[in-house]
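Taken in order, the sequence shown gives residues -23 to -1, 1 to 231; the numbers are from mature numbering (1 follows the signal peptide of the UniProt record, and there is no 0).
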Amino acid sequence: MRSLKSAILSAAVALGLAGAAQASEAVHIPKQEWSHSGVFGTIDKASAQRGFQIYKEVCSTCHSAKLVPIRTLAGIGFNEDELKAIAAGYEVQAGPNDAGEMFMRPGIPADRFPSPFPNDNAARAANNGALPPDLSLMAKARVGGEDYLYAFLTGFEENPPEGVTLMPGMNYNKYFPGHQVGMPNILMPDGVTYADGTPATVQQQAHDISTFLTFIAEPHMDARKQMGVKVILFLIVLAGLMYATKRKLWSTLH
């Protein structure tokens, strides 16, 4: 019994040391400049619109954003007609009809972005067994948020460092934990043509899609910050009034 306890204790210590070693090897994610950073920061709507273009033309072939209603895009400047046109570009399953059958129809702004695959098994089959994650909350799900997303999208290297052997079907990314990822490098110079004429460098594309994913993960961030500033200003004024009232009341007692 004692030998069994000793073995379990030794294994626990070994696992703890291994975990500590892995933690010490954590990859440093470079900080980027974001218009929405800080208390007074707001989402760069032009950047987010370009990011949506990248999502639609590049990312959505593998990744879903199934928690996001299409009408959410109004928050980055798309008007009602544009939202209807964007939604109509998708087909969504509806029904059942009078015959009890499901059918496909053009999307409406109230619909959520449809997934590129009917189910997870189909997604795995199309991606060598890997399941592309949903992007709805990706900016909140990863430590480092948009900084990590930017680093990941710009961290692919065609050839791994000397001594690193990639497993079959894997790609090297210097910012991904373990550095081996099933997703290939999807951003190429001029891989998209921006409607506003912005040069589509890899860095610009990574910045724009990261901004867009930050927005859909928290569409009301700007409104929340504005409300927070108003509350703080109110509390400052209230504190001043209370202090003045206190001084006035106590001055009559001396």
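Where is the CB? At the ideal position from N, CA and C, for every residue including glycine.
Just so you know, these numbers come straight off a predicted model, no measurement behind them.
query	result
Assuming the contact rule is C-beta atoms closer than 8 Å, Ser24 and Asp111 should be a hit. Round their C-beta distance to whole Å, please.	Not confirmed; about 22 Å, so no contact.
Compare the C-alpha of Pro83 against each of Ala65, Leu215 and Gly77 and name the closest.	Ala65
Which residue comes first and which comes last in the beta strand (DSSP E) that contains Ala71?	Glu68 to Ala71
Taking only the alpha-carbon atoms, compute the straight-line gap between Glu34 and Lys22 and give it to the nearest angstrom.	18 Å
Judging by CA-CA distance, which residue of Ala116, Phe90, Gly159 and Gln26 is the nearest neighbour of Asp106?	Looking at the sequence shown, residue 106 is not Asp but Gly. Cα-wise, what sits closest to Gly106 is Gly159.
Sorted by chain position, which residues of the same chain lie with C-beta nearer than 6 Å to Val69's C-beta, five sequence neighbours on each side aside?	Gly84, Asp88 and Pro91
Leaving out the 5 sequence neighbours to the left and right, which residues in its chain are closer than 7 Å to Pro137 when beta-carbon positions are compared?	Leu143 and Tyr149
Quick check: the segment 195 to 204 against the segment 170 to 178, are there 3 or more CB pairs under 8 Å?	no
Tell me whether the segment 125 to 132 and the segment 209 to 229 touch, counting them as touching only if at least three CB pairs, one residue from each stretch, are closer than 8 Å.	no
Would you list the one or two residues that DSSP bridges to Glu134?	Tyr149
How would you call Leu126, buried or exposed, if buried means at least 16 neighbouring beta carbons within 10 angstroms?	buried
Looking only at its own chain, which residues have a Cβ that is under 6 Å from the Cβ of Leu114, when we skip the five neighbours before and after it?	Ala194
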